[in-house]
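Its first residue numbered 1, the sequence shown is counted upward by one per residue in the UniProt record's numbering. Heads up, the beta-carbon is just placed ideally off N, CA and C, and yes, glycines get one too. Below is one structure; the comments refer to it alone.
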Amino acid sequence: MFSITCRVIGSDYYPSLPEMPTVHLLTVKSKQFRYEHQRFEVAGLTPTPSETVAPMRAAECPVQMEARVEKLHPMNGGKLKELGGGVAAEVEIVRVHVDEEFVLGGHYVNPQKWSPLIYNFRHYFRLAETELGKTFRAKK
1 MFSITCRVIG SDYYPSLPEM PTVHLLTVKS KQFRYEHQRF EVAGLTPTPS ETVAPMRAAE
61 CPVQMEARVE KLHPMNGGKL KELGGGVAAE VEIVRVHVDE EFVLGGHYVN PQKWSPLIYN
121 FRHYFRLAET ELGKTFRAKK
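Right, dumping it as structure tokens:
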């Protein structure tokens, strides 16, 4: 599991903010997604403290990475600009946690045992021949 969490204030506070492009983006996104204060509980996962970063990890995930953001890159080209833009995060992985079942030779992830989740154009896959699912925005 690899996750970077950005906390955003509730939409009732938007009028008190100075006018800036991100306020429009937050309004658009708040209609598509919801904030869950107890997100681990809602997802049925067990929060576990990280060792080097503040966000918690999910105990049920066999491979977890702790990361620090090194640089943020604005993305505003083409269709993305119409949607309000985006940000790509350049991160440094500072700690990796791997379940013993997936460890090979003490320090390596066994590629024959671990099949990572891959997000490919709004669809979820693993290193197998079947799709696992898709996001609500996927057309098919």
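**Request:** Quick one: residues in its chain with C-beta nearer than 8 Å to the C-beta of residue 109, no 5 flanking neighbours on either side, listed in chain order?
**Result:** Stepping through the sequence shown from its first residue, residue 109 is reached at position 109. Around residue 109: 63, 98, 102 and 103.
**Message:** Could you check whether the Cβ of residue 30 sits closer than 8 Å to any Cβ belonging to chain D?
**Reply:** Annotation note: the requested chain D is absent from the structure, which comprises a single protein chain.
**Message:** Pairs of beta-carbons, one from the stretch 69-76 and one from the stretch 89-98, closer than 8 Å: are there three or more?
**Reply:** Two segments are said to touch when three or more pairs of C-beta atoms, one from each, lie closer than 8 Å; by this definition the stretch 69-76 touches the stretch 89-98.
**Request:** Identify which residue in 78, 30, 35 and 48 has its Cα closest to the Cα of residue 65.
**Result:** Mapped onto the sequence shown, residue 65 falls at position 65. Nearest option by C-alpha distance: 48.
**Prompt:** Between residue 52 and the rest of its own chain, which residues show a CB-CB distance below 7 Å, the 5 nearest in sequence each way excluded?
**Reply:** In the sequence shown, the residue the question calls residue 52 occupies position 52. Shown here for residue 52: same chain residues with a beta carbon closer than 7 Å to its own, the five before and five after excluded, namely 66, 94 and 95 in chain order.
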